[in-house]
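Chains as they are written, first to last, in our numbering: chain A, 41 to 484; chain B, 9 to 124.
The beta-carbon is built from N, C-alpha and C at its ideal position, and this holds for glycine as well.
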Amino acid sequence: MTIHAEPRTAAPLAPTPFAITDPSRVPAQRYFDPEFARLEKDKLWPHAWQMACRLDEIPRPGDFTEYQINDQSVLVVRENEDTVKAYFNACRHRATALGNGTGSFHGGQIVCPYHGWRWNLDGSNSYVYAERGFTPKCLDPDLLRLRECQVGTLFGMVFINMDPEAPPLAEAMAGIAEALEPIGFDRMRVRWWRHVILPANWKMAQEAFMEAYHVMQAHPSLSMGAADEDYNIDALGGDFECFPGGHAHALPTTGEVPVAGMSMADYFIQFNNALYFGTDAYATDREMFIQQGLLERDIDEDKFPMAFFGALYEYAQGAGIPLPPPATNTSGYAHIFPNITVLPAYGNSIIYRVRPNGDDPESCVFEVWAVQIPAEEDGEPDRPELEGPIPIDEWPQIFKEDYQNIVAQQKGVHTQGLDDLLLSGQYEAMIVNSHRKIDEYLAR
Amino acid sequence: MARARVRVEPEGFELEVRPGETVFEAALRAGVSWPTICYGQARCTACALRVVAGHQNLGPPGQVEQGVLRQITGRRRQWSTRDTRLACRLTVAGDVTVEKKGAKPAKATPPEESEE
């Protein structure tokens, strides 16, 4: 570490407001206090690796998409087949944003709409109109280069880091990169991509998807009428592996049926049905087709899931769908710090990304991708397009149930006398681990 | 997949346009010099062309292009709205003839054409 001559290292650090001292108690102000949101804006987002887009959003050289977080705008640009660049979205002349939304830069040129200055896709300046009017110092190529973010790719996603001093992506993703490798995220392509603006802190929205503890009460279609202790959360997944980087994943389940008195076959079928209708994300038509085929055969109740997976892999092989072998050390349900949560199942996944909506601590942009490994012969699909914002009431049932609870929580955290939220170190371990990592950033 | 041919007057050269590709992209790929200031962002209107024949093979104009086209056709009276398109947004499904002054063919034969 560099030792600076200035006295800033000697000055005592102000304690982080609303820091977590007991991991099972999360101060309520972390979800609405403007000062806390400002700290996140200054100390978390500009230094953390974060997903800026999917690789399939920018398939060809020149393709770009804009990533926004707080008041920052970054252009993620496909430079060539193998390289992606990320530039702060500002002309070096008078700061005009160079790109907006999603599109393609043609002829290898990024052009300022204001005075026509141009850049190559590698960020070097290629043209200054009437440059005779500027001092040579202003025309120094290094000064004219577009300002860059660090870029890395993982799981078919492009991650950026605005901090040039931040350790590389591979280091930041230690543990989770290996744990999720068997899932095959990089083979998946987008079926749909939708978003909603939720009146809640970004962490509040995200945490609704970071535990399965709520399934018994919040999702009757998934708990299938089993009330209270008749629904065994330990069988659904109560065992997490947490990593120092703030990431975590759920370990494989025991294979027991969570609903008391229900057969494995009935539970498995109803669970798939509920997700098919309740999320429109997974199960998909593909899995429902396979399940329907099995229903017409006489299969032992306990062996139904194995029969399903056997049929699924047989079907995938015939259809040229490159499903990876079943993962043995993870359920795949995971959090990628700070703001991605994934819920994969047999070659599909739901992916969530949550961001603060501008600087408002009580509004967030909540995105959902439904992705799936396509058949190889299908080729590359079109660039995915973001739908929405879709009002809460128009989402499939299971999402709606989650969103309504998020809104209710955001109301509750303001109430007098509620100083903190009480979390289970076991069932809510992913949330606890994520807050721990946030505090690490804020204390820097 | 079938490639469409776009004949560019008055220079009288031809471009091969791939499915989904714009006329402007095809021109850049072939090394053609085609007027532009914004490099394909549907802003500068410098790439605008006049359709002479093959209207039935034109891809439909999107909202952005329509908005920009209304500005040019309002400005240049002799340009008919239905014959004017932005090269950087125009896709074609079959052969088309267009007029674009200032579009100059590549000096050497570009590799794409010599492959045929």
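Asked                                                                                                                                                                                   : Found
What three-state label does DSSP hand GLU281(A) in the structure shown?                                                                                                                 : strand
Quick one: Cα of HIS44(A) to Cα of GLU480(A), how far?                                                                                                                                  : Below a pLDDT of 50, predicted positions are generally treated as unreliable, and HIS44(A), at 44, falls in that range; the measurement from the model is reported next regardless. Taking the straight line from one Cα to the other gives about 21 Å.
Do we get a CB-CB distance below 8 Å when we pair PHE195(A) with the residues of chain B?                                                                                               : no
Within 8 Å (strictly less), CB to CB, does ARG71(B) reach chain A?                                                                                                                      : Looking at the sequence itself, residue 71(B) is Gln, so the reference to Arg does not match. Not one chain A Cβ lies under 8 Å of GLN71(B).
Using the Cβ count rule (16 or more neighbours within 10 Å means buried), how would you classify SER64(A)?                                                                              : exposed
On the three-state DSSP scale, how would you describe TRP232(A)?                                                                                                                        : strand
Can you give me the start and stop residues for the alpha helix (DSSP H) that ARG78(A) sits inside?                                                                                     : 74 to 79
Taking its Cβ as the centre, do 16 or more other Cβ atoms sit within 10 Å of GLN13(A), making it buried, or is it exposed?                                                              : There is simply no residue 13(A) to check, as chain A begins at 41 and stops at 484 in what is shown.
Could you name the residues of the same chain whose beta carbon sits closer than 7 Å to that of ARG395(A), not counting the 5 residues immediately before and after it, in chain order? : ILE109, TRP242, ASN379, CYS404 and VAL405
CA-CA distance, GLU416(A) and PRO99(A)?                                                                                                                                                 : 17 Å
I'd like to check one pair, GLU80(A) with ALA240(A): are the Cβ atoms closer than 8 Å?                                                                                                  : no
From the beta carbon of SER303(A), is the nearest beta carbon of chain B less than 8 Å away?                                                                                            : no
According to a CB-to-CB cut-off of less than 7 Å, which residues of the segment 418 to 451 of chain A neighbour chain B?                                                                : none
Using the three-state DSSP reduction, which class does HIS91(A) fall into: helix, strand or coil?                                                                                       : It is worth fixing the name first, because residue 91(A) is Met in this sequence and not His. Three-state result, MET91(A): strand.
On the criterion of 16 or more Cβ atoms from any shown chain inside 10 Å, does HIS146(A) qualify as buried, or is it exposed?                                                           : buried
When we look at the beta-carbon of PRO366(A) and count the other beta-carbons within 10 Å, is it buried (16 or more) or exposed?                                                        : exposed
Against chain B, does HIS485(A) count as a neighbour if the rule is that its beta carbon must be under 8 Å from one of theirs?                                                          : Given that chain A is displayed from residue 41 to residue 484, the structure contains no residue 485(A) and the question cannot be resolved.
So, at 7 Å on beta carbons, what are the nonlocal neighbours of GLU46(A) in its own chain, with the 5 sequence-adjacent residues on each side left out?                                 : Low confidence applies to GLU46(A): its pLDDT is 46, below 50, so where it sits in the model is not reliable enough to give any reading.
Under 7 Å Cβ to Cβ from LEU276(A), same chain only, skipping five residues before and after it: list those, please.                                                                     : ALA252, VAL255, THR293 and PRO298
Beta-carbon separation of PRO57(A) and PHE76(A) under 8 Å?                                                                                                                              : yes
Of all the options VAL411(A), GLN257(A), GLU218(A) and ASP433(A), which has the alpha carbon lying nearest to the alpha carbon of ILE486(A)?                                            : As shown, chain A starts at 41 and ends at 484. That puts residue 486(A) outside it, with no answer to give.
Cβ closer than 8 Å: which chain B residues qualify as neighbours of VAL151(A)?                                                                                                          : ILE45, CYS46, TYR47 and GLN49
If you run the structure through DSSP and keep just helix, strand and coil, what is ARG172(A)?                                                                                          : helix
Contact between the segment 93 to 105 of chain B and the segment 55 to 69 of chain B: three or more CB pairs below 8 Å?                                                                 : yes
Give the DSSP-derived three-state secondary structure of HIS289(A) in the structure shown.                                                                                              : strand
So which of ALA248(A), ARG393(A), MET228(A) and THR324(A) has the shortest CA-CA distance to GLU420(A)?                                                                                 : MET228(A)
Please decide whether LEU77(B) counts as near chain A, where near means a Cβ-Cβ distance under 8 Å.                                                                                     : no
Pick from SER474(A), GLY148(A) and GLN444(A): whose alpha carbon is nearest that of ASN165(A)?                                                                                          : GLY148(A)
Tell me the DSSP secondary structure of GLN456(A) in three-state form.                                                                                                                  : coil
Three-state secondary structure (DSSP) at ILE200(A)?                                                                                                                                    : strand
Within the continuous alpha helix (DSSP H) that includes GLU218(A), where are the two ends?                                                                                             : 216 to 220
Which residues, taken in chain order from the segment 19 to 43 of chain B, show a beta carbon closer than 7 Å to some beta carbon of chain A?                                           : PHE32, GLU33 and LEU36
How many angstroms separate the CA atom of ASP338(A) from the CA atom of ASN445(A)?                                                                                                     : 41 Å
Only counting the same chain, and skipping five residues up and downstream in sequence, which positions put a Cβ closer than 7 Å to that of THR105(B)?                                  : ARG15, GLU17, VAL60, ALA61 and GLY62
With a threshold of 8 Å on Cβ separation, who are the neighbours of GLY398(A) within its own chain once the five nearest residues in sequence on each side are excluded?                : ASN110 and ASP111
Can you tell me whether DSSP reads GLY143(A) as helix, strand or coil?                                                                                                                  : strand
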